[in-house]
Amino acid sequence: MKRGFFITIEGGEGAGKSIQVEILASHLREEGYPIVVTREPGGTRIGEQIRAITHNQENVDMESTTEAYLMAAARAQHVAQIIEPAIASGKIVLCDRYVDSSIAYQGYGRKLGADTIAGLNALAINGAKPDLTLLLSVTPEVGNKRRTKSAKTKDRLDLQQHDFYSRVHDGYLALAKKDPNRYVVIDAEKSIVQVAQTIWDEVHTRLPARNGKTKT
Ligand code: TMP
Numbered sequence: 013m014k015r016g017f018f019i020t021i022e023g024g025e026g027a028g029k030s031i032q033v034e035i036l037a038s039h040l041r042e043e044g045y046p047i048v049v050t051r052e053p054g055g056t057r058i059g060e061q062i063r064a065i066t067h068n069q070e071n072v073d074m075e076s077t078t079e080a081y082l083m084a085a086a087r088a089q090h091v092a093q094i095i096e097p098a099i100a101s102g103k104i105v106l107c108d109r110y111v112d113s114s115i116a117y118q119g120y121g122r123k124l125g126a127d128t129i130a131g132l133n134a135l136a137i138n139g140a141k142p143d144l145t146l147l148l149s150v151t152p153e154v155g156n157k158r159r160t161k162s163a164k165t166k167d168r169l170d171l172q173q174h175d176f177y178s179r180v181h182d183g184y185l186a187l188a189k190k191d192p193n194r195y196v197v198i199d200a201e202k203s204i205v206q207v208a209q210t211i212w213d214e215v216h217t218r219l220p221a222r223n224g225k226t227k228t
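Residue numbers (the numbering used here): 13 to 228.
Listed below in structure tokens is the structure:
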């Protein structure tokens with residue numbers, strides 16, 4: 013059976029990932045692609061339990077290293093139970109955050125180092141590398157404004173200082189620069205409709221053609 017296609021969506025707070033994941037997923041479904049939509053941390057029963065720990069506001073004393081291992085542990089479960097089986101069965105996996113979130117947030121944001129975090133995650137991802145990563149890029153200032161306005165309940169990870177989000181943003185841009193074949197950087201300060209159109213253009217040209225159907 014032909015392998016599927018693995019797409020990840022990344023970005024800092026307030027980049028508008030959730031709505032874009034929804035739009036892209038419905039577009040892919042309309043086009044008849046078999047897809048699995050998932051997220052990190054989470055995506056599995058055990059992963060969601062780990063997410064409850066990483067996001068719990070009571071856990072303000074969590075060490076950065078503990079946070080990094082928890083993210084990687086949730087990912088190990090996710091890759092084994094959801095991502096790898098779906099790709100192996102020919103599906104498109106659309107994942108809201110993946111290992112690059114760990115490199116940006118724990119590696120750059122928490123200053124644990126990009127290589128350290130990549131190394132720590134190698135066992136968890138077991139070679140499952142995204143075919144395409146869409147980086148929704150907004151400056152930390154714009155992200156922060158959107159976040160403040162958002163109705164979302166604030167969790168532990170929302171309570172960081174401005175310079176943390178600046179490092180995360182810089183980290184993402186460094187990752188994109190290092191891997192231009194996999195990464196597409198999208199200006200997410202544009203309107204939701206414009207961003208969705210850019211995403212569709214980028215995704216559509218890269219997708220393997222479906223059986224018996226040609227791309228339009
Ligand atoms: P979100 O699902 O609302 O984007 O929240 C996820 C939060 O978890 C966000 O603050 C980024 C953070 N995170 C990490 O710090 N490291 C990771 O590896 C992942 C997947 C998320």
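Note that CB positions come from ideal geometry on N, CA and C, so glycine has one too.
How many Å lie between residue i and residue j at the Cα?
i      : j      : result
Arg158 : Val91  : 31 Å
Gly44  : Ala37  : 11 Å
Val48  : Gln89  : 16 Å
Lys189 : Val197 : 9 Å
Val33  : Val205 : 13 Å
Trp212 : Leu219 : 10 Å
Glu96  : Ser113 : 19 Å
Tyr177 : Lys202 : 20 Å
Gln93  : Ala100 : 12 Å
Thr217 : Leu144 : 11 Å
Leu147 : Glu70  : 30 Å
Glu1   : Tyr120 : The structure shown has nothing for residue 1, since the chain only spans 13 to 228.
Ala86  : Gly139 : 16 Å
Ala64  : Leu171 : 16 Å
Asn156 : Ile115 : 20 Å
Gln173 : Gly102 : 42 Å
Met83  : Thr160 : 25 Å
Asp175 : Asp127 : 21 Å
Lys29  : Cys107 : 10 Å
Thr50  : Glu42  : 18 Å
Gly183 : Ala221 : 33 Å
Gly54  : Tyr110 : 10 Å
Ile31  : Ile19  : 16 Å
Asn68  : Gly59  : 14 Å
Phe17  : Leu124 : 30 Å
Asp199 : Thr151 : 10 Å
Leu135 : Pro142 : 15 Å
DSSP three-state call for residue i: helix, strand or coil?
i     : result
Glu42 : helix
Across which residues does DSSP place residue i in a beta bridge pair?
i      : result
Ile198 : Leu148
Gly23  : Leu148
Val49  : Leu106
(request) Quick one: which unbroken alpha helix (DSSP H) runs of 4-plus residues sit fully inside the stretch 100 to 184? Chain order, please. (result) Listed in chain order, the complete alpha helix (DSSP H) runs (minimum 4 residues) inside the stretch 100 to 184 are 111 to 114, 126 to 137 and 152 to 161.
(request) Mind listing, in chain order, the continuous alpha helix (DSSP H) runs of no fewer than 4 residues lying wholly within the stretch 57 to 98? (result) Runs of the alpha helix (DSSP H) inside the stretch 57 to 98: 57 to 67 and 76 to 90.
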